[in-house]
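Notes follow once the structure below has been shown.
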Amino acid sequence: MNRKIKSSLIRFIGIGLIISLFLAIIWTIIAIGQDYAAHQEVVGWGSILFISAVLMAACTGFFYSHILIHEAGHLIAGVVSGYTFLLFRMGRFGLIKEDKAFKLISYRMSGTLGQCLMYPPDAVIKPYRLYLAGGVLGNLLTATAGLGAYFLFPTRYLILFSLMGLVAAVTNGIPLGYNDGKILGKLMKSETAQEQFFQQLKWNGEFIRFEKTYSEVGTEDKIINVNQPITEQFNIYTKLVEINALLEQLKLDEAYSELSDLFSQRNYVITPYRVEIMREYLFCLLILNEGSSFLVEQIVNDPAFKEHLRTRQVDVFRLKGVLAYFRENDRQEAEIQLELAEDYLKKAPTNADRQVNRVLLDYLKELMEFE
């Protein structure tokens, strides 16, 4: 079967499964409401509000439970495969292991709700299948356990829990977007992709475990898959490491040139990296006085970027300071935003992120003549 047709068929089946599961979830929620109403003598607004609140709490709890289960699945599968813990994140908050000590961090990666990073084992042939599949397996196992428990404790809440687990498994397992299934498929088809994947894990480990900076890693040989566009997931990560090294060295003209090329291709880049490109491109645009006000507004009003600007992390506050100073001509607001950036600097996920932002914040304070 033609690869394109096969990919389209898998996507069609995956979307069909997701729609079917969501319909089943809606049916289960309605059934729970009907069961509750059947046991009430009079169904008034108080009863409706009560069961609505219970169902909202249950759905929210089950949703986040399966995110936790998914990331825990990666963690357990990684340990079994010989990987070493680096980082575990739920939403904006996470736990990271630096220099044999655990530390709380606060940051958000656009398009992701959780994250589990691990350092690969020191082996010639490094395992990756179980580690990548661990999250989906965790969701499937707990969903199956929930359905099994239903026969012992027949409550529709267990069915709801299991259905939401199946949704988590399907949305991460069927190769759509940049999920686990997509990455696993890439690695199984290409040795170069495998090398890039382990290069990325290795760099994450060097940033976290060994407190290296982007400049230090930037001197290492980098693997670029020439058979894929530069916007491909692993290629773009490598380019962003290079660009962060340039920013750390205050080579803003070079960084701007690299970012300008990537910005023109941003629609082909996955969301987490796309907003990072837009953020640093806008930073350089304003600092170097390049581009038009129309271009600045185009970036600021991009829906994904607007969502990114709501996150409370050092690089976002740094950019907000630059926007206030150069776009809005508001020196006081710029100083407030840079002070917030200073406060959040220690919460950055890695030493590399802290270092590049430390350099840029010092540069901005000197440029804007803040103490």
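According to the working numbering, the stretch in the sequence shown is residues 233 to 603, in order.
Virtual Cβ for every residue (Gly too), placed ideally from N, Cα, C.
No experiment lies behind these values; they were computed from the predicted model shown.
The three-state reading of DSSP puts Thr316 in strand, counting E and B together. Contact check for Val588 against Tyr446 passes: the beta carbons are separated by less than 7 angstroms. In the DSSP assignment, Lys414 falls within the unbroken alpha helix (DSSP H) covering 412–421. By the criterion of at least three beta-carbon pairs nearer than 8 angstroms, the region 378–397 is not in contact with the region 358–367.
If you ignore the 5 residues before and after Asn436, its C-beta comes within less than 8 angstroms of the C-beta of Leu318, Leu319, Leu349, Tyr351, Thr582, all in its own chain and listed in chain order. Taking all protein chains shown into account, Ile406 has 16 or more neighbouring C-beta atoms within 10 Å of its C-beta and is therefore buried. Taking the Cα positions, Ile415 is about 10 angstroms away from Gln426.
Distance from the CA atom of Leu517 to the CA atom of Tyr339, rounded to whole angstroms, is 24 angstroms. Fewer than three pairs of CB atoms, one per stretch, sit closer than 8 angstroms, so the region 372–380 makes no contact with the region 523–539.
Here the alpha carbon of Leu555 sits roughly 22 angstroms from the alpha carbon of Gln481. Taking a contact as a CB-CB distance under 8 angstroms, the pair Leu479 and Thr260 does not count as one, their CB atoms being some 49 angstroms apart. Arg321 is bridged by DSSP to Gly326, Gln347. Judged by DSSP in its simplified three-state form, Ile337 adopts strand.
Taking C-alpha positions only, Lys552 is separated from Val591 by approximately 17 angstroms. Here Tyr389 has Ile264, Ala290 as same chain residues with Cβ atoms under 8 angstroms from its own Cβ, once five neighbours each way along the sequence are excluded.
If the five residues before and after Tyr513 are omitted, its C-beta is found closer than 6 angstroms to the C-beta atoms of Leu491, Phe495, all from its own chain and listed in chain order. Only exposed fits Met420, as fewer than 16 other CB atoms lie within 10 angstroms of its CB. Selection Val356, Asn521, Asn404 evaluated against Ala365 yields Asn404 as nearest (Cα-Cα). Taking the C-beta atoms as reference points, Tyr557 is found no nearer than 7 angstroms to Leu520. Cβ-Cβ distances below 8 angstroms link Phe244 to nothing in the same chain once the five nearest sequence neighbours on each side are left out.
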